[in-house]
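Engineer:
Numbering (the numbering used here), first residue to last: 2 to 192.
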């Protein structure tokens with residue numbers, strides 16, 4: 002049932018001098034059961050009794066609960082490094098509102114920037130080109146052997162051998178879900 006219709010029927014029941022319980026019973030019998038709850042009817046009966054017979058919601062104070070997605074999109078694209086709190090302050094809404102609307106826009110934060118959640122066809126093709134190029138390069142110059150990984154952060158050793166005893170018995174192998182990490186005693190990165 003439409004909100005305005007429900008409120009108009011409640012006003013009719015109020016003007017007919019019915020009690021809240023009678024009004025709820027009548028409305029739920031005429032329409033679907035559960036169309037109006039006793040608490041909703043009570044709220045509107047109190048409002049009508051105070052002299053306000055408007056069927057509109059009262060204007061609310063505080064921050065607006067919604068914003069223009071286009072304005073948020075322009076704000077994000079003008080500076081993709083800003084935080085949700087900064088955007089909320091600029092647009093005068095809560096951080097939760099910003100979060101919900103960023104999700105609607107398909108934006109996620111990656112490497113301290115807001116980016117589209119899905120890749121365009123051009124971006125996917127570019128990634129394929131780069132990956133293919135790197136695989137071909139690795140066949141002639143095995144640079145992937147010079148990359149050291151720690152958790153989710155990647156760093157390269159730029160030609161130096163950071164783990165001199167990776168194959169010796171001095172290094173301690175630590176098992177992980179994703180692979181094996183060599184710990185070398187006294188080494189600045191691992192020991």
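A virtual CB, placed ideally from N, CA and C, is assigned to each residue, including glycine.
(1) Between residue 45 and residue 11, is the Cβ-Cβ spacing less than 7 Å?
(2) Within 10 angstroms of its Cβ, does residue 131 collect 16 or more other Cβ (buried), or is it exposed?
(3) What is the rounded straight-line gap between the Cα of residue 50 and the Cα of residue 120?
(4) Suppose you measure from the CA of residue 176 to the CA of residue 149; what does that come to, to the nearest Å?
(5) Give every residue of the same chain whose Cβ lies closer than 7 Å to the Cβ of residue 5, excluding the five residues on either side of it in the sequence, and list them in chain order.
(6) Which class does residue 77 belong to by DSSP, given the choice of helix, strand or coil?
(7) May I have the straight-line CA-CA distance separating residue 34 from residue 27, to the nearest angstrom?
(8) At 3 residues or longer, and completely inside the segment 83-125: list those beta strand (DSSP E) runs for me, N to C.
(9) Apart from the five residues on each side of it in sequence, which residues of its chain come closer than 7 Å, Cβ to Cβ, to residue 96?
(10) Leaving out five residues before and five after residue 102 in sequence, what residues of the same chain have Cβ atoms less than 8 Å from its Cβ?
Structural biologist: So, from the data block:
(1) The beta carbons of residue 45 and residue 11 sit closer together than 7 Å.
(2) Exposed, by the Cβ-count rule.
(3) Between residue 50 and residue 120, the C-alpha separation is close to 57 Å.
(4) With a pLDDT of only 42 at residue 176, under the threshold of 50, the placement of this residue in the model should not be trusted; the figure read from the coordinates follows. Roughly 16 Å separates the two Cα atoms.
(5) For residue 5, where only same-chain residues beyond five positions count, the Cβ hits under 7 Å are 56.
(6) Residue state, collapsed to three classes: helix.
(7) Straight across, the Cα-Cα distance linking residue 34 with residue 27 is about 10 Å.
(8) For the segment 83-125, whole beta strand (DSSP E) runs of length 3 or above, ordered along the chain, are 108-111, 114-117.
(9) Around residue 96, the same chain offers 85, 86, 89 as residues with beta carbons nearer than 7 Å, after the five sequence neighbours per side are excluded.
(10) Hits under 8 Å: 67, 68, 70, 73.
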